[in-house]
Amino acid sequence: MYAEVLIEYPTKKIDKYFTYKIPDNLVNILKPGMKVKVPFGSKIINGFVMQIKDNFTDAYELKEIVGVVDPELILNDELLKLGLYLEEKTLCPKISAYQTMLPASLKIKDNDTNYTYYKTYLTLNKSKEEIEKYLKTIEKENNQTLLLKTLLEEEKVLKKDYNSYTIKSLKEKELIKEIKEQEYRIQKEKNNNVIKHKLNEEQEQAFEEIKNTPSFTTFLLEGITGSGKTEVYLNLIEDTLKKGKTAIMLIPEISLTVALVNRFYEWFGSSVAIFHSALSNGEKYDEYLKIIRGEVSVVVGTRSAIFVPLKNIGMIIIDEEHSDTFKQDNMPRYNAKDIALKRGEYHNCPVVLGSATPTLEVRARAMKGVYKHLKLTKRAGEGTLPKVTIVDMVMEAKKRNFIFSDVLLEKLKETLKRKEQALLLLNRRGYSTIINCSSCGFTYKCPNCDITLTYHKSSNNLRCHYCGYTTSKDDKCPNCHEDGLNYLGMGTEKVMEELLKIIPDAKVIRMDQDTTSKKGAHEKIIQSFRNHEYDILLGTQMISKGLDFPNVTLVGVINADSSLNIPDFRSNEKTFALLYQASGRAGRANLKGEVILQTYNPDNYVLSCVKENNFNKFFAYEMNIRKILKYPPYYYLVALKIVSKDYNIALENATKIVNYLKKNVSSSSIVLGPSTASLFKFNNTYRFQIVIKYRFDDKLFKILKYLDSIYLNENKVNLEIDIDPLHI
Ligand code: ADP
Ligand code: ZN
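Numbered per numbering that gives the first Met the number 0, the sequence shown spans residues 0 to 727.
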């Protein structure tokens, strides 16, 4: 018997099958989709069995498969097919498609680590009668008799809970023994008293409609913030389990939604497995085993959880569908939404995309009837939508208010007086985002990326937020040696400092990438804010999503236009979603909420749509712009990046590719560029960009594949192809 093996060597150059002989001891064990160890060159590496064959005709001698990595880890037939789809759709090597489907702990480097986790228990080594007889012979109760009595009641106890001397003595008398059992690191119980809200009319309607759809159908559940989408999801999943099927629910970032995950545990207990990047390798391994062994029927997780090997899927839900995190921005550049639809089709089940601010693509499809459009228009609980005020910072600047407007400060003070809480959003971390010299004009820049360095006061250094370059700060200008350094542009650290100067007794906690880098830090900050140990949560966009604090009545956005100024076709959409979602954090419960948006563009249309809480209006406006400028959802996009350490080589190749594309794509497609990519110099490489806009182009993928294959063998220049990019 022979096996075709795809080896784990993530370069496209050798992305093909190699044939190995199956040793006799594996003949009945080996199945397609299994991970095996094979000799390759002088090394032993991992690979996936793709096919098993009876015959092999070539004359040369084949090497044998060395062993199976883990007989439980098998990519099933669906996933093997899904890998081919991923290759087709994103132009990635097959092997990186399959690797993406398995948790990181099972990839190349770790293949010799054993993640199985055991607990040691004590149990009786003799019959109960014999133990009882023995106990009668002992006059005085002691630790040993106590343990024996416990073991007469309970079958086993954890070894670590008992004194080692007691254990040793009882073992010597052969009265007890130790047993090891595999344990899962994460174990949660269902809460039988969990509060299940009675669904309101809109929720009920959405629930019924989806529940009664027995086949593959995509739904957009468009529900305003606080409309109770989560409650609908939970009910849908409960119903799915009742039907004997399984469910996947994807969420953008798990660390921000601890409360949500806990709700899943409360409802479904040990039927839930979770997946996200903050789990340890061992935890990931365990959660994966639970799925493979068919012990769980609900998976909640971030992007890559869409690949879990659940069988018999009856429901796929993507919460906060508009989130960028569903698209992976390195190879394979897949979007979990596409995979969800593919799997929904395979399992013939509903796929639900939920959001308060859906992407224009999804919203447009729902309006055309391609997706079914369900709406939740009211807040589910007692909450009402907040009042939004736009503050003109040009006027404030005249009063020398550069960070806080008068009205924001006043509202903050009132909020604290009422013992309520506030969120303050600023999309920049660090202290000062530009440092320049007033006497010579010098500006600190990253030597690798050519963008300004941010000063971090807590660590007293300058950092590049793109490549991580770090350097110390000088007291005098390093260029002219004058005492002229200015700290311009504010980040969260500076806002915090200023805030404490103005309201010294406010208890403020900061949440941004810098304060949340440690495991569990997110949860800690959120929990302590929820417990009202702090009055104000100040942070970057991290704080805008998914959080549900009943006591928050004020949301202040320090610089509402910072993301409007990013030159990207989605910047309006992103800004609207960010501000609308952030506003949705206020007034979640019975308290009235208020939102202050500080801006230098008070007449901006996007902001006025946020003020009116009017997604429809924003949608119509933005669709019109997209139509005129030929952007999605009217056109599809492909972005090509040409990357090289050498500027000239990058430009030369970019020009060559543009010319080739212009000659070969269909006449209705548009080729733009080469232009400098939005991050032109990054980590000492130069990056040019080409954008293709197309509607129907049956030649395009062939052309892209051809270009890709040519650049595979180039060392000095790389071609990165991003199909349906989120940013250009
Ligand atoms: P969304 O995900 O749409 O922003 P949530 O699901 O977080 O909204 O619900 C907002 C709040 O309303 C939560 O506190 C939730 O417990 C509550 N809620 C949801 N559905 C109901 C209902 N039918 N009756 C009363 N309260 C509800
Ligand atoms: Zn840099």
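Heads up, the beta-carbon is just placed ideally off N, CA and C, and yes, glycines get one too.
Could you tell me whether any non-hydrogen atom of the ligand ADP is closer than 8 Å to the CB of residue i?
{"i": "R332", "result": "no"}
{"i": "T383", "result": "no"}
{"i": "L101", "result": "no"}
{"i": "G583", "result": "yes"}
{"i": "N550", "result": "no"}
{"i": "G380", "result": "yes"}
{"i": "D547", "result": "yes"}
{"i": "L198", "result": "yes"}
{"i": "S226", "result": "yes"}
{"i": "T229", "result": "yes"}
{"i": "A355", "result": "yes"}
{"i": "Q143", "result": "no"}
{"i": "L725", "result": "no"}
{"i": "L134", "result": "no"}
{"i": "L375", "result": "yes"}
{"i": "Q202", "result": "yes"}
Does the beta-carbon of residue i have 16 or more other beta-carbons within 10 angstroms, so that it is buried, or is it exposed?
{"i": "D534", "result": "buried"}
{"i": "E7", "result": "buried"}
{"i": "Q420", "result": "buried"}
{"i": "Y19", "result": "buried"}
{"i": "Q512", "result": "exposed"}
{"i": "K172", "result": "exposed"}
{"i": "K310", "result": "exposed"}
{"i": "H275", "result": "buried"}
{"i": "D109", "result": "Unreliable positioning characterises D109 in this predicted model, as indicated by a pLDDT of 47, which lies under 50. The coordinate reading is nonetheless provided below. Classification for D109: exposed."}
{"i": "V657", "result": "buried"}
{"i": "R584", "result": "buried"}
{"i": "I107", "result": "Annotation note: pLDDT 41 at I107 (below 50); position unreliable, coordinate value reported separately. Burial call: exposed."}
{"i": "S163", "result": "exposed"}
{"i": "Y443", "result": "buried"}
{"i": "V558", "result": "Per the sequence shown, the amino acid found at residue 558 is Asn instead of Val. Answer is buried; the Cβ neighbour count reaches 16."}
{"i": "V393", "result": "exposed"}
{"i": "T539", "result": "buried"}
{"i": "C479", "result": "exposed"}
{"i": "G222", "result": "buried"}
{"i": "G429", "result": "buried"}
{"i": "I28", "result": "exposed"}
{"i": "Q181", "result": "exposed"}
Determine which residues share a DSSP beta bridge with residue i and list them.
{"i": "L461", "result": "Y454, T470"}
{"i": "N485", "result": "N435"}
{"i": "K371", "result": "F218"}
{"i": "D391", "result": "T598"}
{"i": "I509", "result": "Looking at the sequence shown, residue 509 is not Ile but Arg. According to DSSP, which records beta bridges pairwise, R509 is partnered with L537."}
{"i": "R686", "result": "V642"}
{"i": "Q181", "result": "Y117"}
{"i": "N334", "result": "K326"}
{"i": "S354", "result": "E221"}
{"i": "F206", "result": "According to DSSP, which records beta bridges pairwise, F206 is partnered with nothing at all."}
{"i": "K42", "result": "F39"}
{"i": "I247", "result": "V298, I315"}
{"i": "M0", "result": "None; M0 has no bridge partner."}
I need the DSSP call for residue i, collapsed to helix, strand or coil.
{"i": "I107", "result": "Low local confidence applies: a pLDDT of 41 at I107 is under 50, so the model's placement there is unreliable, and no value is given."}
{"i": "L219", "result": "strand"}
{"i": "D69", "result": "coil"}
{"i": "R362", "result": "helix"}
{"i": "A258", "result": "helix"}
{"i": "F548", "result": "coil"}
{"i": "M495", "result": "helix"}
{"i": "N658", "result": "helix"}
{"i": "N190", "result": "coil"}
{"i": "L678", "result": "strand"}
{"i": "K444", "result": "strand"}
{"i": "I624", "result": "helix"}
{"i": "Q50", "result": "strand"}
{"i": "T165", "result": "helix"}
{"i": "T149", "result": "helix"}
{"i": "D723", "result": "coil"}
{"i": "G592", "result": "coil"}
{"i": "V307", "result": "coil"}
{"i": "T742", "result": "Outside the displayed range of the chain (0 to 727) lies residue 742, so it cannot be described from this structure."}
At a cut-off of 8 Å, would you count residue i as near the ligand FMN, judging by its Cβ distance to the nearest heavy atom?
{"i": "G222", "result": "Although the ligand FMN was asked about, the structure shown includes only the ligand ADP and the ligand ZN as ligands."}
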